[in-house]
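For our numbering, count along the sequence shown from 1 and bump the result up by 351. Just below is one structure, and these are the notes that go with it.
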Amino acid sequence: MPLPFSLACDLLDASYALAIARKPSAKAVTAWCSQHRSRINAPDTDLAALLSTLLPEKRTDRVYCIQANSLEKIIGRGLMLGASRLRELALYKQPGLDLDLADCVERILTVTPNPALPERLRVTVEVIDEILHSVAAKIKWSSPSKRIADSSPAESPGRDGLEALYRRLTAKEAKWLTRLVLKDFQPLVFDEFGLYRSFDPMLPLILKVREDFTTAIDTLQRLKKETPSLRPGMPYADRKSLSAVKPKLSVKVGRQQWHKARSIKHCLQMCKGLMSVEAKVDGEYCQIHVDVSKGRRGIQIFSKSGKDSTEDRDRLIGAIIKSLAIGTPGSHVKTECILEGELAVYSELSLLNARHSERLKLLEKIVHCDKGQAELVQRQLISTNHPMAASALRNAFAKVIRERGEGLVLKADQPYFNFDNPAEPFTNRCIKLKKDYIGRFGEVGDFAVVGAGFNAAKARSYSIDNLKWTHFYVGCIDNREEVKRWNAIPEFTAVNVVELNETMLKSFMLYANPNSVPVEENVETKVKHAAGAQPIPMTMAFTSPPVFDMRCFSFERAWSTNWWTLRFPSVAKIHFDRDFSDVLSFDELQKIADGATSAPDVEDSQENLAWIARLEQADPRGLGVDAATQLTATTMPTPSPRRASYNSSGSQPLIRHLDDGPLERSVDSADAMAPPPHKLAASQPSPTTKISKTGLPDNHKQKRTAFSAALFPPSKKSRKATGDNELKPSLLSGELESESPKRRPLREIDGNSTQQLQASSPAVASEDETDSDNDIPPSPCTNRGQRKSDAQDKHSNQTSQEPKAQCRYAGIECQLADRLVLLPNYFSDLKDVEPLFRAHGLSNIIRDAEAWIRNEATDNPPLPDSQTGRNKILFVDTVEKVSETKALLSRLEDVRESIPEERREWISVFDWRVLNHLAIFEDAETTKKYYDGFHDPWRRWYSGLI
352 MPLPFSLACD LLDASYALAI ARKPSAKAVT AWCSQHRSRI NAPDTDLAAL
402 LSTLLPEKRT DRVYCIQANS LEKIIGRGLM LGASRLRELA LYKQPGLDLD
452 LADCVERILT VTPNPALPER LRVTVEVIDE ILHSVAAKIK WSSPSKRIAD
502 SSPAESPGRD GLEALYRRLT AKEAKWLTRL VLKDFQPLVF DEFGLYRSFD
552 PMLPLILKVR EDFTTAIDTL QRLKKETPSL RPGMPYADRK SLSAVKPKLS
602 VKVGRQQWHK ARSIKHCLQM CKGLMSVEAK VDGEYCQIHV DVSKGRRGIQ
652 IFSKSGKDST EDRDRLIGAI IKSLAIGTPG SHVKTECILE GELAVYSELS
702 LLNARHSERL KLLEKIVHCD KGQAELVQRQ LISTNHPMAA SALRNAFAKV
752 IRERGEGLVL KADQPYFNFD NPAEPFTNRC IKLKKDYIGR FGEVGDFAVV
802 GAGFNAAKAR SYSIDNLKWT HFYVGCIDNR EEVKRWNAIP EFTAVNVVEL
852 NETMLKSFML YANPNSVPVE ENVETKVKHA AGAQPIPMTM AFTSPPVFDM
902 RCFSFERAWS TNWWTLRFPS VAKIHFDRDF SDVLSFDELQ KIADGATSAP
952 DVEDSQENLA WIARLEQADP RGLGVDAATQ LTATTMPTPS PRRASYNSSG
1002 SQPLIRHLDD GPLERSVDSA DAMAPPPHKL AASQPSPTTK ISKTGLPDNH
1052 KQKRTAFSAA LFPPSKKSRK ATGDNELKPS LLSGELESES PKRRPLREID
1102 GNSTQQLQAS SPAVASEDET DSDNDIPPSP CTNRGQRKSD AQDKHSNQTS
1152 QEPKAQCRYA GIECQLADRL VLLPNYFSDL KDVEPLFRAH GLSNIIRDAE
1202 AWIRNEATDN PPLPDSQTGR NKILFVDTVE KVSETKALLS RLEDVRESIP
1252 EERREWISVF DWRVLNHLAI FEDAETTKKY YDGFHDPWRR WYSGLI
């Protein structure tokens, strides 16, 4: 027989009591389903009606247009209440009584119950569902499939049926029907997945593919008949069987699982593998269903809630038809498709089990882009397994925020739904990284709390006795100077309505507890309301407004106005020590909003650096997830004379900071052996990849050694010095230092700033102190006067004949001054590089590094010891020319192995983008210096030695 409504009320009562006690209701649901399993599985039980009763908020297709005030009148007419009983019914409007309308109905029917009905006439969930359907069918905002034609001007018969229904209910049933009509069970919120699974393990997964109770249940019953393996009572879901369930036109496909990232580190912890990083677009979610055979009528648009919103978005249909070229020979959509920013169904082929990249390729094929009408969002691929992923993601986020965007969306390259691997989540994980999610981002300023309103249902969600306010009106002061100078009556413009969480609300009542008076009796302040929806009317005004520190996601213009209000506002902090006269004025709010919503005309590198620094501070302990934790002076092991030769049989270890975790500069003697340098240089690509790239090369894990020694290796004599003498050149100081600085506690180190090595007393001298000093090769910051220039004459005819110039940032102290720069021949287009060369005053440039090195291998005489180790730099492109760079360095290493040891000089290899960061380092006017999480430019773009 159909399921009695009273049984559903028993479950709601038990779960509601647990919610009040802040306990989960899962056990109560499981016990109730076990007790009534025979009724639930009965063929005449409408499971969709039961789910609609327990989860009314999921029935977005039904709109009743009934709020507490109008439902109060319906109940009064239905129960034929007198004046005194009507006043008792309206007690829920009084703050502090901890009552809602449902409680008042229950109290009335407990005292004067309705006549008892025989069991066969008791109200069932099917009857409730039918009456609510009839109410929604008369409302034009309900989904088209739920509406029926009705030209009668009289009141909807659905509401008459609702009045009659109240006369058949018990007190408990009337209480829950009231909350069911209002679609508000607060504080009770069922776990949807757990509730579905209690009815049938397959149901939650089917509802993901077909998000409609009736359709999903019909699909489940049909699947059980067609698949014998899905026996009744099976405790788990067979995902393989679900792969046969395809999306259906006119039935919304469930959304993927979305998560909010609170920092870059949190984001990387949730992401695994290759992620598509897209700029989040400001707009509303929609899922588009297209049936080509029906023409324009075959376009359906579903909103985020699942409601059919085609009529509300009728103007989009033309753009959709045009972008898909429907009805034209060039259209790739021949029968039907479902789009959700990416394809879910294409020509009756389900793409739910296809990877994200495959769906996007097909989407690019069928969509005809039209700027301003239909466009494909710009995206980049970032491998979260790459050590530079945090830096790449941080830069991408800073760029979007600087351009006044919303934030980023990250999608894993996985299927929309996972039907194959039960160990993995069923839905693909998607991540939203927005400014207002991170730390104190999005803060606007101080606002005055000018008044408050009360909602009985919302009050039940707080465990606070005698609660008088649930919604607070925040506003800006209009006459600040008059108030401060002449003690005038303060005037405010209320711009938004906000709510507080329970902790903040308790603090507000305990420490602020402002004096409040009814709005109509308020003479202490003047309040005007900016245009816009007011979900709860302001009933009380604060005579001395408290101050809220507000934050918001963005700004929006109020309806039919030209002024700005806060979008998605929230309270960051309650100030108990600030006066309302110091809050923002309305004009100041407008200026802030104008600046926040207007994109900059030119790229502001300082603003970009500021955003990146703030993102690093948002990570735990204020340190970027990829930042170095400590800087330790290095100790470079000196090989014996027998191993002085740098050939393929053995070499000094090289730093590959792109391959490892936090950057360290310490090394053990056991780490002295490493693969040949050419196998390291450029082996690690950038974590970001163009859209056309399908993957990233494998990482090569290498040992770390002293960075400065790897950049500019020791000369031949210093390599032959006795065992324990070690070189300790500083990277960014102007001289060599001979002893490691003392390690500093982590709490004293700012990982975002460049740390200077501390000079200390000299170490033990080598056997020949003079020779040792002469043989030390110059570091990037070595005194320029100590450099020899004799060897430059030999190659002057091979270098570019450019006028002698100085660095515009550091002059003769530029770290690239007097260096020989080598370029690969694949640098055919130097429009990005040439300006950097001129900015740093570089004129000694070899345009074909491979040809020059081959010539040097045959023609160069032995160099004097004073010139051994002369600084040569090879600039390559490890971001866009990965394979070409690896091939070039492999060839160069083979050539250099043929050079006799006495004539071989080491060449440091860097990505040319180091020039950008070096400009930041040397520019005194740039106060906020950032090198993608590294402590200096050289570390960031170092690629190896040859």
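Virtual Cβ for every residue (Gly too), placed ideally from N, Cα, C.
- Secondary structure at F541: coil, using DSSP grouped into helix, strand and coil.
- In its chain, beyond the 5 residues on either side, D721, Q724, A725 have a beta carbon closer than 8 Å to the beta carbon of A670.
- Non-local beta-carbon contacts of C455 in its own chain, meaning distances under 8 Å to residues more than five positions away in sequence, involve E439, L440, A441, L442, Y443 in chain order.
- Residue environment: A419 is assigned as buried (16 or more neighbouring CB atoms within 10 Å of its CB, all protein chains considered).
- Membership of S1234 in the alpha helix (DSSP H) is indicated by the continuous run 1233-1248.
- Comparing alpha-carbon positions, the option among L531, D930, A377, Q445 lying closest to V414 turns out to be L531.
- For I650, the uninterrupted beta strand (DSSP E) run begins and ends at 650-654, by DSSP.
- Of F798, I789, E1248, H1191, the smallest CA-CA separation from F899 is found for F798.
- In this structure, R1290 lies away from Y1281, with their beta-carbon atoms at least 9 Å apart.
- Spanning the alpha carbons of G681 and I391 requires a straight line of approximately 51 Å.
- Within the DSSP bridge table, the entry for P555 names no partner.
- Within the model, the alpha-carbon separation for N806 versus L556 is close to 36 Å.
- Looking from the CA of L861, the closest CA among V874, D816, P841 belongs to D816.
- Taking each of K374, S389, A393, L402 in turn and checking the Cα distance to A359, the smallest one comes out for L402.
- Restricting attention to N847, S949, N873, the CA atom closest to the CA of A909 is found in N847.
- Here W820 is buried: its Cβ has 16 or more other Cβ atoms, across all protein chains shown, within 10 Å.
- Proximity of the stretch 508-518 to the stretch 380-396 falls short of the contact definition, fewer than three beta-carbon pairs being nearer than 8 Å.
- In terms of Cβ geometry, S814 and S708 do not form a close pair [threshold 9 Å].
- In this structure, the alpha-carbon of E524 lies about 13 Å from that of I426.
- In this structure, F777 is the residue among F777, S644, Q445, T521 with its C-alpha nearest to the C-alpha of R606.
- Judged by DSSP in its simplified three-state form, A630 adopts strand.
- Restricted to the stretch 763-842, the beta strand (DSSP E) segments that are unbroken, complete and at least 3 residues in length are 780-785, 794-804, 822-828, listed in chain order.
- Comparing alpha carbon positions, the residue from R373, S644, K489, V380 closest to L363 is V380.
- Here C688 carries a strand assignment [DSSP, helix/strand/coil].
- Taking a cut-off of 8 Å for Cβ pairs, the stretch 553-573 and the stretch 735-749 do not touch, as fewer than three such pairs fall below it.
- G657 is the residue among P353, C903, G657 whose C-alpha sits nearest the C-alpha of Y636.
- The beta carbons of R706 and T948 sit no closer together than 9 Å.
- Of the candidates L1243, A1190, G649, the residue whose Cα lies closest to the Cα of P1175 is L1243.
- Of the candidates L818, V801, G802, the residue whose Cα lies closest to the Cα of K809 is L818.
- Look at Q445 here: in three-state DSSP terms it is coil, with no helix or strand label.
- Under the three-state reduction of DSSP output, K1182 falls in the coil class, being neither helix nor strand.
- Taking one beta carbon from each stretch, the stretch 831-846 and the stretch 471-478 have fewer than 3 pairs nearer than 8 Å; the two do not touch.
- DSSP places D659 in the strand class (E or B) of the three-state scheme.
- By the CB criterion at 9 Å, F843 and V801 fall inside the cutoff.
- 9 Å or more divides the Cβ of V1233 from the Cβ of W1263.
- In the three-state scheme derived from DSSP, where H, G and I count as helix and E and B as strand, E1256 is classed as coil.
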